[in-house]
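Structure first, commentary second.
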Amino acid sequence: MKLLTTTHKIKQSLISLCRIIPIEKITVKKLIEFTSISRATFYKYYTNLTEVWQQITQDVLFEMSVLKKEPYIEFSFSDIQLLEQLAQYIHNRQFVIQMLLSKNGDPEFLEKWEQQMKHIILTYLNDKNSYDIQKREEMSEFLAIGTVHKIIKAIYSNNPEHLLSILITTQDILFSFSNEKRCDYKYKRDGQEKRY
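Put into structure tokens, the structure is as follows:
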């Protein structure tokens with residue numbers, strides 16, 4: 000339990016510290032002081048800041064893939080409620096995502112996110128078995144990269160409403176690949192009803 004509490008405290012402190020000083024100015028020493036832990040405690044769990052960012056990456060990607068923990072439900076493009084939850088999660092964690100994408104964050108975050116999105120899309124396409132495996136691989140990679148980059152653009156332009164729209168567009172493309180029909184979805188935002 001102490002491991003979870005200490006590592007969680009270090010990760011949360013790093014994120015909080017990024018809100019106070021620029022990420023490129025954060026050092027292990029500053030993080031240790033801010034977290035109120037000893038140098039030995041930090042180095043017991045991590046060797047550098049990159050390892051902390053990599054652990055945050057794992058947390059974020061896991062939370063994106065499993066939006067409901069009870070019961071355990073993996074993310075899928077088939078469920079509009081999961082799309083809404085993912086859009087909300089990304090909006091709530093956009094600061095952390097921006098930090099992970101920065102040059103001082105986790106250099107592997109973007110590629111890992113794209114790979115996770117590709118896996119989710121490929122799983123959907125494999126279930127539909129509409130195309131040969133090589134075609135499904137190419138389609139899922141192309142759509143995953145496009146989806147992730149559109150989400151990043153929405154994050155940096157501070158446009159949270161656009162996040163759900165991007166995910167629904169990806170869903171529409173997937174449905175068109177499998178000749179599946181979807182219902183029109185109603186979504187309330189700021190008191191206005193929108194249809195997708």
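When we follow numbering that gives the first Met the number 0, the leftmost residue of the sequence shown carries the number 0, and every step to the right adds one.
Virtual Cβ for every residue (Gly too), placed ideally from N, Cα, C.
The Cβ atoms of K28 and L16 lie no closer than 8 angstroms to each other.
Counting only residues of its own chain and dropping the five nearest sequence neighbours on each side, I19 has no CB closer than 7 angstroms to any other CB. One Cα belongs to S164, the other to Y130, and the distance between them is close to 26 angstroms. 8 angstroms or more divides the Cβ of L166 from the Cβ of L60. Using a Cβ-Cβ distance cut-off of 8 angstroms, the segment 104-116 and the segment 143-158 are in contact, since at least three pairs of beta carbons, one from each stretch, lie closer than that value. Judged by pairs of C-beta atoms under 8 angstroms, the segment 3-13 touches the segment 33-41, as three or more such pairs exist. Under the three-pair Cβ rule at 8 angstroms, the segment 73-81 counts as touching the segment 116-128.
Judged by their CB atoms, V95 and I14 are nearer to each other than the 8 angstroms cut-off. Within the segment 29-109, complete beta strand (DSSP E) segments of at least 3 residues are not found at all. I79 and S175 have their C-alpha atoms roughly 16 angstroms apart. For D171, the uninterrupted alpha helix (DSSP H) segment begins and ends at P159 to F176.
When C-alpha distances from Q170 are compared across N158, P159, A143 and Y155, the shortest belongs to A143. In the structure shown, S12 falls within a helical segment according to DSSP collapsed to helix, strand and coil.
Secondary structure at T4: helix, using DSSP grouped into helix, strand and coil. Per DSSP, R18 lies in no alpha helix (DSSP H) and is assigned neither H nor E. Between the C-alpha atoms of Q57 and L99 there is a straight-line separation of about 11 angstroms. Assignment of Y155 by DSSP, reduced to helix, strand and coil, places it in the helix class.
S177 is not a Cβ neighbour of K134, given a cutoff of 8 angstroms. Assigned with DSSP and collapsed to three states, T122 falls in helix. Taking the C-beta atoms as reference points, S101 is found no nearer than 8 angstroms to I25.
Here Y155 is exposed. Its C-beta has fewer than 16 other C-beta atoms within 10 Å.
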